[in-house]
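Undergrad: Mind looking over this structure? Questions follow.
2 protein chains.
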Amino acid sequence: MKKAEATRLNILEKAFELIYVKGYQTTSIDDIIATTQVTKGAFYYHFKNKDEMGIAIINDLLKPTLTGSFIGPLQTAADPLTAIYQLMYNLLIENKFLKVEYGCPAANLTHEMTSWNADFNKALNELTQQWTETMIDVIERGKTNGAVRSDVNARQVTMFVMSGYWGIRNFGKLERSKEIYLPYLEELKNYLETLRR
Amino acid sequence: MKKAEATRLNILEKAFELIYVKGYQTTSIDDIIATTQVTKGAFYYHFKNKDEMGIAIINDLLKPTLTGSFIGPLQTAADPLTAIYQLMYNLLIENKFLKVEYGCPAANLTHEMTSWNADFNKALNELTQQWTETMIDVIERGKTNGAVRSDVNARQVTMFVMSGYWGIRNFGKLERSKEIYLPYLEELKNYLETLRR
DNA sequence: CAAAAAACATACTAGTTAGTATGTTTTTTG
DNA sequence: CAAAAAACATACTAACTAGTATGTTTTTTG
Chain A
1 MKKAEATRLN ILEKAFELIY VKGYQTTSID DIIATTQVTK GAFYYHFKNK DEMGIAIIND
61 LLKPTLTGSF IGPLQTAADP LTAIYQLMYN LLIENKFLKV EYGCPAANLT HEMTSWNADF
121 NKALNELTQQ WTETMIDVIE RGKTNGAVRS DVNARQVTMF VMSGYWGIRN FGKLERSKEI
181 YLPYLEELKN YLETLRR
Chain B
198 MKKAEATRLN ILEKAFELIY VKGYQTTSID DIIATTQVTK GAFYYHFKNK DEMGIAIIND
258 LLKPTLTGSF IGPLQTAADP LTAIYQLMYN LLIENKFLKV EYGCPAANLT HEMTSWNADF
318 NKALNELTQQ WTETMIDVIE RGKTNGAVRS DVNARQVTMF VMSGYWGIRN FGKLERSKEI
378 YLPYLEELKN YLETLRR
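For the protein sequence lines, the chains are A and B, in the order given. So the first sequence is numbered by my numbering: it starts at 1 and just counts up by one. So the second sequence is numbered by my numbering: it starts at 198 and just counts up by one.
This is the structure:
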């Protein structure tokens with residue numbers, strides 16, 4: 001039971017790529033088996049149906065990535081405000097995997113699926129919660145060690161910052177150029193400075 | 198040529214409702230003609246194809262609404278910072294048409310369509326530009342009349358604020374409750390106050 | 001009011017979709 | 001190494017999709 005795991009992972013990765021670019025609804029099973037070179041029998045051996053595969057993408061691919069690229073950099077940071085800015089800068093400008101014209105994979109799925117699919121909603125909610133709670137913790141830590149003003153509401157700030165991130169991804173899709181991220185990042189920096197003690 | 202216009206408008210309005218709730222790709226022509234009680238012949242008399250109808254929804258329905266509900270309140274305002282906050286509050290909390298679980302119609306279409314459909318991209322870009330430019334003007338006006346600090350970068354602030362709006366709509370879809378808007382709105386208020394002279 | 005154009009109605013088609021039925025091959029295990 | 005289970009392969013189906021072909025009805029206009 002080792003090759004089978006590889007097949008499953010291969011399906012998830014290729015399917016994720018297609019869905020990131022084309023959207024979930026418009027990526028067909030036939031698309032997926034064509035690009036994976038896996039037959040339909042193999043696909044349905046590993047997944048009960050398309051939605052189960054979609055949920056698996058969130059839980060088995062996105063969650064670990066989130067932990068690595070989104071959560072790790074925050075937790076190890078000395079100064080929380082700089083860390084938040086640096087994280088956003090990295091995600092928007094440096095990250096080679098996320099493409100400006102395709103936006104944020106998690107945000108895409110949220111937009112497309114959450115209104116009418118409870119399973120996707122649950123999985124994506126957990127994903128988001130994890131990021132949110134981490135950022136709240138980091139800010140609270142900053143309040144304790146004196147880097148952040150003590151009257152700052154950590155949850156409010158987190159919601160505000162994360163909303164900005166998702167929203168600027170929307171602009172990116174419209175403009176199809178990372179240029180559009182720059183004024184956002186500048187103002188994010190200004191805003192974060194107002195929280196400093 | 199009066200009844201025909203009514204038929205066309207009826208199609209656009211019902212189709213928009215369906216698309217707002219279900220998404221563009223997953224709303225079929227058959228769905229639309231079923232809820233409008235209009236036959237397929239009538240539909241294709243008014244629209245060359247599905248995409249032409251989609252673009253018409255943006256240009257003939259969304260643009261006028263934007264002008265009324267999003268742009269008007271900004272232009273007539275005395276204090277720009279309060280006006281921006283009030284606009285966001287109204288859109289998120291008071292507005293009876295926009296539902297928290299379905300998000301922002303323009304953002305939904307942007308997420309779903311812009312990556313691969315140039316016509317949708319263009320129409321949605323124009324829509325967004327109109328709102329952006331208005332907000333920039335309002336802030337610049339505030340700088341002139343002394344309500345806003347003169348070192349504030351109006352475009353940066355606009356991008357930052359509008360990103361927040363779109364992003365918090367994402368959270369709303371996940372949480373399916375307007376409660377989630379409140380911490381965002383509080384922090385928006387805090388942020389806007391830092392721009393005051 | 002009659003001819004012409006506009007507006008709508010019905011029946012159909014070719015392609016695509018998720019999913020299944022029924023196999024065969026490969027791997028594991030006693 | 002043989003039986004059993006896991007992993008994969010092929011061919012099919014029923015439902016749905018956007019769009020069309022070919023009508024009929026309604027409205028406009030000279």
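Glycine included, each C-beta is placed from N, C-alpha and C at the ideal position.
When the Cα of Leu195 of chain A is compared with those of A:Leu12, A:Gly54 and A:Leu81, which residue comes out closest?
TA: Leu195 of chain A has its Cα closest to that of A:Leu81, out of A:Leu12, A:Gly54 and A:Leu81.
Undergrad: Which two residues bound the contiguous alpha helix (DSSP H) that contains Leu188 of chain A?
TA: Start and end: Tyr181 to Glu193.
Undergrad: Comparing the CB of Ala15 of chain A with every heavy atom of the ligand MN, is any distance shorter than 7 Å?
TA: Because no ligand of any kind appears in the structure shown, any question about the ligand MN cannot be addressed here.
Undergrad: What does the alpha-carbon distance come out to for the pair Thr204 of chain B and Gln25 of chain A?
TA: Using only the alpha carbons, I get a separation of about 30 Å.
Undergrad: To the nearest angstrom, report how far apart Gly23 of chain A and Asn287 of chain B are at their CA atoms.
TA: When rounded, the distance between both Cα atoms is 31 Å.
Undergrad: Does the Cβ-Cβ distance between Ile55 of chain A and Ile32 of chain A come in under 8 Å?
TA: It is not a contact, given that the beta carbons lie outside the stated cut-off.
Undergrad: Please go through the same chain and pick out, in chain order, the residues whose beta-carbon is closer than 6 Å to the beta-carbon of Trp166 of chain A, but skip the five residues on each side of it.
TA: Contacts found: Ala107.
Undergrad: By how many angstroms is the C-alpha of Arg394 of chain B removed from the C-alpha of Gly343 of chain B?
TA: One C-alpha to the other measures close to 7 Å.
Undergrad: Taking 8 Å as the CB-CB limit, is Phe171 of chain A close to chain B?
TA: Yes, because at least one Cβ of chain B sits closer than 8 Å to the Cβ of Phe171 of chain A.
Undergrad: What residues are listed by DSSP as bridge partners for Arg196 of chain A?
TA: Arg196 of chain A pairs with A:Val148.
Undergrad: Determine the burial state of Pro183 of chain A: buried for a count of at least 16 other Cβ atoms within 10 Å of its Cβ, exposed for fewer.
TA: Its Cβ being crowded by 16 or more others within 10 Å, Pro183 of chain A is buried.
Undergrad: Less than 8 Å between CB atoms is the rule here; does Trp328 of chain B satisfy it with respect to chain A?
TA: Not closer than 8 Å to any Cβ of chain A, the Cβ of Trp328 of chain B fails to qualify, so no.
Undergrad: Give the single residue among A:Asn190, A:Leu98, A:Gly72 and A:Ile19 whose Cα lies nearest to the Cα of Asn350 of chain B.
TA: The shortest C-alpha separation from Asn350 of chain B is found at A:Asn190.
Undergrad: Within this structure, are the beta carbons of Leu74 of chain A and Met135 of chain A separated by less than 8 Å?
TA: A contact, by the Cβ cut-off of 8 Å.
Undergrad: Quick one, are the C-beta atoms of Phe171 of chain A and Leu385 of chain B less than 8 Å apart?
TA: No, they are not a contact pair.
Undergrad: When burial is assigned at 16 or more other CB atoms within 10 Å of the CB, is Ile93 of chain A buried or exposed?
TA: The residue in question, Ile93 of chain A, is exposed, as its Cβ has fewer than 16 Cβ neighbours within 10 Å.
Undergrad: With distances taken Cα to Cα, identify the nearest neighbour of Gly164 of chain A among A:Leu124, A:Lys122, A:Arg149 and A:Ile84.
TA: Checking every option, the nearest Cα to that of Gly164 of chain A belongs to A:Ile84.
Undergrad: Give, in chain order, every unbroken run of the beta strand (DSSP E) that is at least 3 residues long and sits entirely within the stretch 80-120 of chain A.
TA: Taking only runs of at least 3 residues, no beta strand (DSSP E) segment lies wholly in the stretch 80-120 of chain A.
Undergrad: For chain A, check one thing: does any of its Cβ atoms lie closer than 8 Å to the Cβ of Thr232 of chain B?
TA: Cβ-Cβ to chain A under 8 Å: no for Thr232 of chain B.
Undergrad: Can you tell me where the alpha helix (DSSP H) with Phe16 of chain A in it begins and where it stops?
TA: Unbroken alpha helix (DSSP H) run through Phe16 of chain A: Lys3 to Lys22.
Undergrad: Taking a cut of 8 Å between CB atoms, which residues from the stretch 276-309 of chain B lie near chain A?
TA: Cβ contacts with chain A come from Glu298, Tyr299, Gly300, Ala304, Asn305, Thr307, His308 and Glu309.
Undergrad: Check whether the stretch 36-48 of chain A and the stretch 100-114 of chain A touch, using three or more Cβ-Cβ pairs below 8 Å as the test.
TA: Contact between the stretch 36-48 of chain A and the stretch 100-114 of chain A is absent, because fewer than three Cβ pairs lie under 8 Å.
Undergrad: Hey, out of B:Leu382, B:Tyr217 and B:Val345, whose CA is closest to Thr307 of chain B's CA?
TA: Closest by alpha carbon: B:Tyr217.
Undergrad: Between which residues of its own chain and Thr264 of chain B is the CB-CB distance below 8 Å, once the five residues before and five after are set aside?
TA: Cβ within range, chain order: Gln327.
Undergrad: Judging by CA-CA distance, which residue of A:Leu87, A:Leu185, A:Phe97 and A:Asp60 is the nearest neighbour of Arg352 of chain B?
TA: Comparing Cα-Cα distances from Arg352 of chain B to each of A:Leu87, A:Leu185, A:Phe97 and A:Asp60, the minimum goes to A:Leu185.
Undergrad: Should Leu127 of chain A and Leu62 of chain A be called a contact, given that it needs their Cβ atoms to be closer than 8 Å?
TA: Their beta carbons are under 8 Å apart, which means Leu127 of chain A touches Leu62 of chain A by this criterion.
Undergrad: If you reduce the DSSP assignment to three classes, tell me which class Thr67 of chain A lands in.
TA: Here Thr67 of chain A sits in helix by DSSP.
Undergrad: Ile252 of chain B lies in the alpha helix (DSSP H); which residues open and close that run?
TA: Counting along the chain, the alpha helix (DSSP H) containing Ile252 of chain B begins and ends at Lys247 to Ala253.
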